[in-house]
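Protein chains in written order, with full-length UniProt numbering: chain H, 1 to 244; chain Z, 1 to 302. Glycine is no exception: its CB is placed at the ideal position from the N, C-alpha and C atoms.
In structure tokens form, the structure reads like this:
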């Protein structure tokens, strides 16, 4: 097997062996959706949400959770710990550049986000008949750009944080903001309008996901903002990332 | 034939010159020690040899390769054991060897390597559950998994208990016997004395001496000391008249005689002729520790 394949294989096992990343990253978002869906009132159509059920309206927010938990808490914490423990330094003593380990980490964490999102969509569909995303292309684009922007910010955290502790402190603040603007703490119709509008542009872009899910093409400008964030944060992270 | 050639190596950290014109050659199959107090520039020197750090002057060739220019190629044949480098806690011993083995074109027989390092029963044990000594041995195994021609081992036995240290030394001798050239960075005298064919003593970025362990001690002093408790009183002149004896000191019931070559034979025969029995007889030779202090003006253990 190639060295990258081997790295992805081992990093996947390490991800699954860590009970935190496994339960919170992979299972929690679907569990939250199922938990809320168990409340009968939240399965009634409501005028607050344009005649939708709360559960339909809230589903994209659990996707924000899936992407945020893994991209903003797991990824930077693991990479900062790898730097702090000298794992990246040890890689430098081998013929393989440590950038391959970073790439493997990205592959594993993006894979985990996708798996978590898939779990949300399938659980919503099977248990509460939450419809599948109605604008599949728009949804795919919104999701890919959203995940890219969040992961680029996660990489930036890993690049600037000198220690694993600093990384987890910084990423917790960012994670809280992403969850807040993504309508995870308070459903967005309860947020002041200005805050909700800001939320349209905060990665991963919950409104784009909601629009595409319910069948409207997502607006262009928020998507452009996500792409710009991904490229900008990714480029800065790549420039300033230190191996030791 | 020299497998490693270092010529006038210079490395600056800002205005601080950490390595100041170091030159040495290491022959194939040799165990070459780099000894020196903390902050002497030992680790920086080997990092320039390994290609982990760029140099500011001089030239370095390892098997004809320049570590800076041909880094990836060199690392195929170079095994590096780092000071203070850990692995993820949840990776298992077997997985780590399998993973790091996949980085090399030519990999060692990992089963044999695991057995040789005494980790045979630990294949499925996660790194975080290994003892310090086992973690260290795994780290050595990872340095050897690519079947290197040259191994650089930095502070190999720091933090190991005495038994684990001796086991590690045996292992290093086995590795050398299989034809691997070894650079050993250490601040332990006993380790250097036991393992190294030649030692470079480094201080303040310069090599202050480069010799065999025996050569280093001889260089400092040819002096010997004989210490004993005589069974009867005797005048100092009895021994001081001997050409081999330079000094005589008394401390309590003990006599300490200092002198040059054949000191012991000369002292013993005079005492015998005068029917004096030398109890608690000890011959003290200058140790590598003494040589180190004389060469660097510093104690080796800090």
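Taking all protein chains in view, the Cβ of residue 121 of chain Z is surrounded by fewer than 16 other Cβ atoms within 10 Å, so the residue is classified as exposed.
Residue 53 of chain Z has no beta-bridge partner at all, per DSSP. Cβ-Cβ separation between residue 257 of chain Z and residue 238 of chain Z: approximately 11 angstroms, too far for a contact (criterion under 8 angstroms). Between the stretch 26-41 of chain Z and the stretch 198-210 of chain Z, the count of C-beta pairs closer than 8 angstroms reaches three or more; the two stretches touch. Unbroken alpha helix (DSSP H) runs of no fewer than 4 residues, entirely contained in the stretch 145-195 of chain Z, are found at 162-177, 189-195, following chain order. Contacts with chain Z at 8 angstroms (Cβ-Cβ) include residue 3 of chain H. Close to chain H, meaning a Cβ-Cβ distance shorter than 7 angstroms, are the following residues of the stretch 68-80 of chain Z: 72, 75, 76, 80. With its beta carbon at least 8 angstroms from every one in chain H, residue 131 of chain Z lies outside the interface. For residue 34 of chain Z and residue 179 of chain Z, the gap between their C-alpha atoms comes out near 20 angstroms. Going by DSSP, residue 258 of chain Z is part of the beta strand (DSSP E) stretching over 254-259. For the 8 angstroms CB-CB criterion, residue 50 of chain Z and residue 175 of chain Z do not form a contact. Within chain H, no C-beta atom comes nearer than 7 angstroms to that of residue 13 of chain Z; the closest sits roughly 14 angstroms away.
Going by beta carbons, residue 103 of chain Z and residue 64 of chain Z fall outside the 8 angstroms limit.
With the criterion set as a beta carbon lying under 8 angstroms from some beta carbon of chain H, the members of the stretch 80-100 of chain Z are 80, 82, 84, 85, 86, 87, 88, 90, 91, 95, 98, 99, 100, in sequence order. The beta carbon of residue 242 of chain Z sits closer than 6 angstroms to the beta carbons of 266 from its chain, once the five residues preceding and following it are set aside; these are given in chain order. In the structure shown, residue 200 of chain Z adopts extended strand secondary structure according to DSSP, grouped into three states.
If you check the CB distance, residue 82 of chain Z and residue 86 of chain H come in under 8 angstroms. Closest in alpha carbon position to residue 71 of chain H, among H/158, H/90, H/97, is H/158.
Taken through DSSP and simplified to helix, strand or coil, residue 75 of chain Z comes out as helix. Taking 8 angstroms as the cut-off, the beta carbon of residue 19 of chain Z is found no closer than this to the beta carbon of residue 2 of chain Z.
The beta strand (DSSP E) runs lying completely inside the stretch 149-224 of chain H and spanning 3 residues or more number zero.
Three or more Cβ pairs closer than 8 angstroms define a contact, and the stretch 86-102 of chain Z meets that threshold against the stretch 7-15 of chain H. Following the DSSP letters along the chain, one finds residue 57 of chain H in no beta strand (DSSP E) but inside the alpha helix (DSSP H) bounded by residues 54-68.
With contact defined as three or more Cβ pairs closer than 8 angstroms, the stretch 189-197 of chain Z and the stretch 285-295 of chain Z are in contact. Residues 15, 25, 26, 70 of the same chain have their beta carbon placed closer than 7 angstroms to that of residue 112 of chain H, with the five preceding and five following residues left out of the count.
In the DSSP assignment, residue 209 of chain Z falls within the beta strand (DSSP E) that extends over 206-211. About 11 angstroms separates the CB atoms of residue 210 of chain Z and residue 196 of chain Z; that is not less than 8 angstroms, and the two are not in contact.
A buried status is given to residue 136 of chain Z, since no fewer than 16 other beta-carbon atoms sit within 10 Å of its beta-carbon.
For a Cβ distance threshold of 8 angstroms, residue set 94, 95 of chain H lies close to residue 104 of chain Z, ordered along the chain. For the pair residue 53 of chain H and residue 36 of chain H, the CB atoms are not nearer than the 8 angstroms cut-off.
With contact defined as three or more Cβ pairs closer than 8 angstroms, the stretch 137-155 of chain H and the stretch 224-235 of chain H are in contact. Rounded to the nearest whole angstrom, the C-alpha separation of residue 144 of chain H and residue 230 of chain H is 10 angstroms. Boundaries around residue 7 of chain Z are those of the beta strand (DSSP E), 2-13, since no alpha helix (DSSP H) includes it. In the DSSP assignment, residue 236 of chain Z falls outside any beta strand (DSSP E), carrying neither H nor E. Residue-level contact by beta carbon fails for residue 171 of chain Z and chain H, as no gap is shorter than 8 angstroms.
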